[in-house]
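One structure below.
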Amino acid sequence: MRQIFLIFLLFIIIFQSSCYTTPYYETPDNNPMSRLEQKYSVYLDATWRKKDAHALLKVFEAISPNLNLQFSRWRITDDGLENDIKIESKDKLKFVTISKDVFPVEESQEVLSPGKHLYYAVVQYVTENGTNRAIIELILQKRYGIYVPSYASSTDASSTDASSIKGVLNTTAKRYSNFENNDLMLVISVFEAFPQALHKIPRLKHIIRRIDKDEDEDEKGISYARTSRGHIEFAESIFRHGNSNRARHVIAHEKAHFLWTYVFNREIRTDWTKLGGWYTDSTSESGWSTTKERSAFISTYAFEEDPNEDMAESIASYLLYPHRLRSCCPEKYEFIHEIMLTYVERWGTSNFM
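See the structure below:
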């Protein structure tokens, strides 16, 4: 009897031991490196950690699950790179070097879109450094809900298709022109800076580019958020003066108007109006005046207009150069920061880590 008991005990020990020592085999389905190879022909070298590979896979999947890409080999470098990525071709193969700086560190202060630098680097790759128009427009449609009307398809007087400028404006297209690829890449980089929950905005469906070179000085260079018509009308000249920072500010500013009109509720708008000291004033050209000094506003334009423009200017500054807004208008910085965090907490960030 004792012998039987000892045999039984030995069996239990062996069985328990095998439970702890059985090796774990990672399948292609849960290995990000294998999935990158299978789905996107992306091969990673020894510089990649599994966490970084997972982040890269998430970016590719966010762009499109059905990209037909050329074979490429990727490595991470400590060196700084233009646009954080370098793409070289040799014998029908692509060799991609990506900066380690695109991967946010654990203690990163970026809370809205910590994966935006990695995302934009991959966008550079899949769009072939911003030359593949079809992929650029696909990204705008799928990730931001934005369609780019074509000037060419508008030359037909009968065209009312949604892909044409005439279809969007219900008017002649002669004052409008096609965006260049670089313009749209700039739009993508700015839209990605918004929290993921605010990538797609109700009623914002199109962006168009107005030829303004022959306009009066009062009109030239001015862009418009046509909130009731569902599109943003960018002045062509903002993309032509070689000042990408100015263009980025305008892009963020005009999108912010759609937040004011369709996203932010009455309570938020009322609280913002009080914070800016705004009150209705029939003697003012804008219909508004403020009890605050110019120093309480991020720009003269914000100071001279109304709560809506004040908010748009402040959001653009918050997204693109937050230190300026925090320095001049700390209460406004905190107000916007809390709003943005609300959307981060509700929907999650676009963090791919």
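When we follow our numbering, the leftmost residue of the sequence shown carries the number -1, and every step to the right adds one. In this text, a Cβ means the ideal position worked out from N, Cα and C, and glycines have one as well. Values in this document were obtained by computation on a predicted structure and should not be read as measured data.
- Under a 10 Å Cβ-count criterion, H115 is classified as buried, with 16 or more other Cβ atoms of the shown protein chains found around its own Cβ.
- Secondary-structure assignment with DSSP links T288 through a beta bridge to W276.
- Taking the CA atoms as reference points, D89 sits about 13 angstroms from R71.
- Under the three-state reduction of DSSP output, V120 falls in the helix class.
- Less than 9 angstroms separates the beta-carbon of P200 from that of V261.
- V121 is positioned such that its CB atom lies no closer than 9 angstroms to that of I205.
- By the C-beta criterion, the stretch 247 to 262 is judged to be in contact with the stretch 218 to 228, since at least 3 inter-stretch pairs fall below 8 angstroms.
- With contact defined as three or more Cβ pairs closer than 8 angstroms, the stretch 263 to 275 and the stretch 299 to 306 are in contact.
- Inter-segment contact for the stretch 235 to 246 and the stretch 294 to 302 is absent: fewer than three beta-carbon pairs are separated by less than 8 angstroms.
- Non-local beta-carbon contacts of I313 in its own chain, meaning distances under 8 angstroms to residues more than five positions away in sequence, involve A250, H251, A254, L257 and I334 in chain order.
- With contacts defined by Cβ atoms closer than 9 angstroms, D77 and S97 form a contacting pair.
- If you draw a straight line from the Cα of E332 to the Cα of N176, it is about 38 angstroms long.
- Taken atom to atom, the span from the alpha-carbon of L202 to that of H229 is near 6 angstroms.
- Approximately 7 angstroms separates the beta-carbon atoms of L34 and A51; this is inside 8 angstroms, confirming the contact.
- Taking all protein chains in view, the Cβ of P328 is surrounded by fewer than 16 other Cβ atoms within 10 Å, so the residue is classified as exposed.
- Secondary-structure assignment with DSSP links L91 through a beta bridge to K88.
- Residue pairing from DSSP leaves E336 without any beta-bridge partner.
- Taking the Cβ atoms as the reference, T278 lies roughly 15 angstroms from W270, outside the contact range of under 8 angstroms.
- Beta-bridge pairing by DSSP links F69 to no other residue.
- Listed as beta-bridge partners of F237 by DSSP are no residues whatsoever.
- A distance below 9 angstroms separates the beta carbons of I266 and I337.
- Your pair L65 and V124 checks out as a contact, with CB atoms roughly 6 angstroms apart and the cut at 8 angstroms.
- Sorting A191, A233 and G240 by C-alpha distance to the C-alpha of L318 places A191 at the top.
- Nearest Cα to T340 within the set R322, N29, A195 and A60: A195.
- Excluding residues up to 5 positions away in sequence, F189, H197 and K198 lie with their Cβ nearer than 7 angstroms to the Cβ of Y142 in the same chain.
- Under the DSSP assignment, A254 falls in the alpha helix (DSSP H) whose first and last residues are S242 to F256.
- The DSSP-derived three-state label of E231 is strand.
- Under the three-state reduction of DSSP output, Y319 falls in the coil class, being neither helix nor strand.
- Per the coordinates, the alpha-carbon of S284 lies some 21 angstroms from the alpha-carbon of D214.
- The alpha-carbon of R324 is positioned some 28 angstroms away from that of A119.
- Proximity to I236 across K290, S280, E178 and T259 peaks at E178, based on C-alpha coordinates.
- Counted as a single uninterrupted DSSP element, the stretch harbouring H52 is not any beta strand (DSSP E) but the alpha helix (DSSP H) occupying residues K48 to I61.
- DSSP places S221 outside both helix and strand once states are collapsed to three, so it counts as coil.
- In the three-state reduction of the DSSP assignment, Y331 falls in the helix class, which pools H, G and I.
- Judged by DSSP in its simplified three-state form, Y299 adopts helix.
- A straight-line Cα-Cα distance of about 9 angstroms links L182 and G128.
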